[in-house]
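There are 2 protein chains.
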Amino acid sequence: MSVVLSRDSQVRVMEDTVTNAEKHLGQFCSMLAAYTRKTAQVRDKADQLVKQLTDFANTEHPEMRATLRSFAEDLAKVQDYRQAEVERLETKVISPLKLYGAHIKQTRAEIKKLKQVQKNEIKQLAKLGKLRQKSPSDRLTISQAETSVQRASADASHTTHQLGEMIEAFQKRKLTDLQKIFSDFVTIEMVLHAKAVEVYSSAFQTLENYDPERDLEDFRAKMHGLYGHRDARPLTDTVSSPAVPWSLTGQSAQNALRGERREDEETMEASAEEDLRGRGRALHQ
Amino acid sequence: MSVVLSRDSQVRVMEDTVTNAEKHLGQFCSMLAAYTRKTAQVRDKADQLVKQLTDFANTEHPEMRATLRSFAEDLAKVQDYRQAEVERLETKVISPLKLYGAHIKQTRAEIKKLKQVQKNEIKQLAKLGKLRQKSPSDRLTISQAETSVQRASADASHTTHQLGEMIEAFQKRKLTDLQKIFSDFVTIEMVLHAKAVEVYSSAFQTLENYDPERDLEDFRAKMHGLYGHRDARPLTDTVSSPAVPWSLTGQSAQNALRGERREDEETMEASAEEDLRGRGRALHQ
Chain Z
1 MSVVLSRDSQ VRVMEDTVTN AEKHLGQFCS MLAAYTRKTA QVRDKADQLV KQLTDFANTE
61 HPEMRATLRS FAEDLAKVQD YRQAEVERLE TKVISPLKLY GAHIKQTRAE IKKLKQVQKN
121 EIKQLAKLGK LRQKSPSDRL TISQAETSVQ RASADASHTT HQLGEMIEAF QKRKLTDLQK
181 IFSDFVTIEM VLHAKAVEVY SSAFQTLENY DPERDLEDFR AKMHGLYGHR DARPLTDTVS
241 SPAVPWSLTG QSAQNALRGE RREDEETMEA SAEEDLRGRG RALHQ
Chain E
1001 MSVVLSRDSQ VRVMEDTVTN AEKHLGQFCS MLAAYTRKTA QVRDKADQLV KQLTDFANTE
1061 HPEMRATLRS FAEDLAKVQD YRQAEVERLE TKVISPLKLY GAHIKQTRAE IKKLKQVQKN
1121 EIKQLAKLGK LRQKSPSDRL TISQAETSVQ RASADASHTT HQLGEMIEAF QKRKLTDLQK
1181 IFSDFVTIEM VLHAKAVEVY SSAFQTLENY DPERDLEDFR AKMHGLYGHR DARPLTDTVS
1241 SPAVPWSLTG QSAQNALRGE RREDEETMEA SAEEDLRGRG RALHQ
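Protein chains in written order, with this note's numbering: chain Z, 1 to 285; chain E, 1001 to 1285.
Structure (structure tokens):
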């Protein structure tokens, strides 16, 4: 009795082991995939911010422009590291967990086979028990049934032993794989965080060094115009011309001003875009 | 003429300054808010992973249980820092950018007032021009019109000057605020990343130190059962009992086993939950 009982409990431990692994590893897989997706979305939002910073830089005076571009580049670098993080998480964390699906299915099929073998043992035992009750004197049939029981028992013992080894290997692999997967997770995260500290330290310095004074001088010059605004200029000079062309002349002067600025901006924008393209996502590949 | 032209171009520079600030600062605000929201979602996913790790730890053997719990705690710590990051981004980055909305609206209203004053100057100039063409000999009316033009001009000059200073201050504040806001952004991010490196370094050590051998011994003992499985045990002992009770006895034995384990798990779970509560989100406040 105790052998059959022991085998039964062994099978239950095996089943529990596989079911538990299936449940938890599956959950780890989907949770880590969700974590990775959200991280990719943070990267996307930061990429938009980089683009926006570059656009804005092109509308600013030289000092702020240089500062914002440098900041945008650093922010883009961090996103490159984040992209690398996402790809590494997929390769070294999510993929290995996904592989467990097939592994578990296969192990479950082996357990099912064992259960069939055990069922057969119990069936043979029941048959023998009945025979002993019904026809205790039928030595030949009882002897045949005893042989069947022995054969079924040996089969069950052998299969249980084999499967025991298989489940032990399964458990060992699970433990070492989890150790490896979580270590890889931690390493991947550490690389991102360490690189980000490095890049942001330089970004902080750039922002810290920004002095708005020169840009403000430029701004003042721009606001006070190319015309050299003089409040003291005699009014009579201004009133000698007809009123209507003011706005026209004013507008065309403004257009000229804008035209100049726009050209300047376009050049800046083109070179900034080139910079971005040049740098690319070197880390993504 | 040039004074009016100059004022006109000054107003356009002012308008451009405010419009540009409104557009870009508004976009920065919504992009950084989106970035912060996504970061909060990463935190949520990681929090789920922490819970899952704790649940799983409770089903594992002592060494893996301790390792997973330690890892879950470290992961939770990083999420505490991430929560602090989210809160700081909201306070020190998003809120100041939001405040620009009202500031810009107010500045725009001042520019509108100036444009009215300038319109009046042009109107008075046009009136004077017409008078000079129509009735060049009407000295009194022309003189009155000239006085009106002078008054309107003085008003326009004064208002333009005042607004010029206001816009300069606006631009200065924008530049230094952006410097501060982006520096704060970088600092907040740096703190998270630096703390994460620290916490993950310790998590890495814990995972590295895990040795599955002891857990596997436990597992073997559990799988080979409380019954002390012996293959050599004589079969005759086992065949003397009826077949049906096997499964029943087997099940109750299994229940006993499970009951024991479950009780163990519950204690573990309760204490783990207490740990989590105790630690709380100390960093969130």
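No residue lacks a Cβ here, since even glycine has one placed at the ideal position from N, Cα and C. In this text, all values refer to a predicted model and were calculated from it rather than measured experimentally.
query = How about Ala1034 (chain E) and Lys45 (chain Z): are their beta carbons less than 7 Å apart?
reply = Against a cut-off of 7 Å, the Cβ pair of Lys45 (chain Z) and Ala1034 (chain E) comes out as a contact.
inquiry  = Check whether the region 187-194 of chain Z and the region 74-92 of chain Z touch, using three or more Cβ-Cβ pairs below 8 Å as the test.
reply    = Yes, the region 187-194 of chain Z touches the region 74-92 of chain Z.
request  = Check the Cβ-Cβ distances between Met166 (chain Z) and every residue of chain E, and say whether any is below 7 Å.
outcome  = Output row for Met166 (chain Z): interface = no.
message = Out of Z:Asp47, Z:Val3, Z:Ser95, Z:Gln79, which one is the CA nearest neighbour of Gly26 (chain Z)?
response = Closest option to Gly26 (chain Z), Cα to Cα, is Z:Ser95.
task = Would you mind stating whether Phe182 (chain Z) and Leu1192 (chain E) have Cβ atoms separated by less than 7 Å?
result = No, these two residues do not count as a Cβ contact at 7 Å.
request  = Could you check what DSSP says for Asn120 (chain Z) in three-state terms: helix, strand or coil?
outcome  = DSSP, reduced to helix, strand and coil, places Asn120 (chain Z) within a helical segment of the structure shown.
inquiry  = Rounding to the nearest angstrom, what Cα-Cα distance links Tyr1100 (chain E) and Ala221 (chain Z) in this structure?
reply    = One C-alpha to the other measures close to 25 Å.
query = If you count every other CB in all the chains shown that lies within 10 Å of the CB of Ser1247 (chain E), and 16 or more means buried, which is it?
reply = Below a pLDDT of 50, predicted positions are generally treated as unreliable, and Ser1247 (chain E), at 32, falls in that range; no measurement from the model is reported.
ask   = Which class does Pro1136 (chain E) belong to by DSSP, given the choice of helix, strand or coil?
value = Here Pro1136 (chain E) sits in coil by DSSP.
inquiry  = Assuming Gly215 (chain Z) is part of the alpha helix (DSSP H), what are its boundary residues?
reply    = For the sequence presented, residue 215 (chain Z) should be read as Asp rather than Gly. That run of the alpha helix (DSSP H) goes 212-223.
inquiry  = What does the alpha-carbon distance come out to for the pair Val3 (chain Z) and Lys127 (chain Z)?
reply    = So the two alpha carbons sit approximately 18 Å from each other.
Residue interval of the alpha helix (DSSP H) (run including Glu87 (chain Z)) = It spans 62-89 - the alpha helix (DSSP H) in which Glu87 (chain Z) sits, taken as one unbroken run.
request  = Could you tell me which uninterrupted beta strand (DSSP E) segments, each at least 3 residues in length, are contained entirely in the region 1142-1216 of chain E, listed from first to last along the chain?
outcome  = For the region 1142-1216 of chain E, not a single whole beta strand (DSSP E) run of length 3 or above is found.
key: Contact list for the region 67-95 of chain Z against chain E, Cβ threshold 7 Å   = Listed in sequence order: Phe71.
task = Could you tell me whether the Cβ atoms of Asn1020 (chain E) and Thr59 (chain Z) are closer together than 7 Å?
result = Less than 7 Å divides the Cβ of Asn1020 (chain E) from the Cβ of Thr59 (chain Z).
query = Which whole-angstrom value describes the C-beta separation of Leu1163 (chain E) and Met1014 (chain E), a residue pair presumed to lie in contact below a C-beta threshold of 8 Å?
reply = Sure, about 6 Å apart at Cβ, within 8 Å.
request  = Could you please tell me which residues of the region 1038-1054 of chain E, in chain order, have their CB closer than 7 Å to any CB of chain Z?
outcome  = Of all residues in the region 1038-1054 of chain E, those with a C-beta nearer than 7 Å to a C-beta of chain Z are Lys1038, Thr1039, Gln1041, Val1042, Lys1045, Ala1046, Gln1048, Leu1049, Gln1052, reading in chain order.
ask   = Given Phe170 (chain Z), which residues of its chain have a CB within under 8 Å of its CB, disregarding the five upstream and five downstream residues?
value = Apart from sequence neighbours up to five positions away, the residues of its chain that approach Phe170 (chain Z) with a beta-carbon distance below 8 Å are Thr17, Val18, Ala21, His103, Thr107, ordered along the chain.
inquiry  = Beta carbons nearer than 7 Å to chain Z: which residues of the region 1204-1218 of chain E have them?
reply    = Those residues of the region 1204-1218 of chain E that come within reach of chain Z (Cβ to Cβ, closer than 7 Å) are Phe1204, Leu1207, Glu1208, Tyr1210, Pro1212, Asp1215, Leu1216.
Pairwise C-alpha distance: Arg7 (chain Z) and Arg132 (chain Z) = When rounded, the distance between both Cα atoms is 24 Å.
task = Would you verify that the beta carbon of Tyr1200 (chain E) is, or is not, closer than 7 Å to some beta carbon of chain Z?
result = Output row for Tyr1200 (chain E): interface = yes.
key: Beta-carbon proximity check, Val1042 (chain E) vs Val42 (chain Z), cutoff 7 Å   = Yes, Cβ-Cβ distance for Val1042 (chain E) and Val42 (chain Z) is below 7 Å.
request  = Taking C-beta pairs closer than 7 Å, name the residues in chain Z that Tyr1100 (chain E) reaches, listed in chain order.
outcome  = Within chain Z, no residue comes near Tyr1100 (chain E); the closest Cβ sits about 13 Å away, beyond 7 Å.
query = Of all Cβ atoms in chain Z, is any one closer than 7 Å to the Cβ of Thr1059 (chain E)?
reply = Interface residue, yes.
message = Distance check for Pro1212 (chain E) and Arg1065 (chain E), CA to CA, integer angstroms please.
response = Answer to the nearest angstrom: the Cα atoms are 11 Å apart.
message = If you reduce the DSSP assignment to three classes, tell me which class Thr59 (chain Z) lands in.
response = The answer is coil: DSSP assigns Thr59 (chain Z) none of H, G, I, E or B.
ask   = Can you tell me the Cα-Cα spacing of Lys180 (chain Z) and Arg1082 (chain E), whole angstroms?
value = Cα to Cα, Lys180 (chain Z) sits roughly 25 Å from Arg1082 (chain E).
ask   = Would DSSP call Gly250 (chain Z) helix, strand or coil?
value = Reliability fails at Gly250 (chain Z), whose pLDDT of 35 lies under 50, so the model's placement of it is uncertain and no value is given.
request  = Might you give, ordered along the chain, the residues of its own chain that have their beta carbon closer than 6 Å to the beta carbon of Val1050 (chain E), omitting 5 neighbours on each side?
outcome  = Excluding sequence neighbours, Val1050 (chain E) sits near Ala1072, Leu1075, Ala1076.
task = Please confirm whether Gln1118 (chain E) and Ala1156 (chain E) have their CB atoms less than 7 Å apart.
result = By the CB criterion at 7 Å, Gln1118 (chain E) and Ala1156 (chain E) fall inside the cutoff.
inquiry  = So Glu15 (chain Z) contacts chain E; which residues on that side make the cut at Cβ distance below 7 Å?
reply    = None at all; the shortest Cβ gap to chain E is about 10 Å.
query = Buried or exposed: which applies to His1024 (chain E), given that a residue is buried once 16 or more other Cβ atoms fall within 10 Å of its Cβ?
reply = Buried, by the Cβ-count rule.
request  = Report yes if the C-beta distance between Gln79 (chain Z) and Asp47 (chain Z) is below 7 Å; otherwise report no.
outcome  = Note that the C-beta distance between Gln79 (chain Z) and Asp47 (chain Z) is below 7 Å.
key: 8 Å Cβ cut-off: residues of chain E touching Ala196 (chain Z)   = For Ala196 (chain Z), the neighbours in chain E by C-beta distance under 8 Å run, in chain order, Glu1189, Met1190, His1193.
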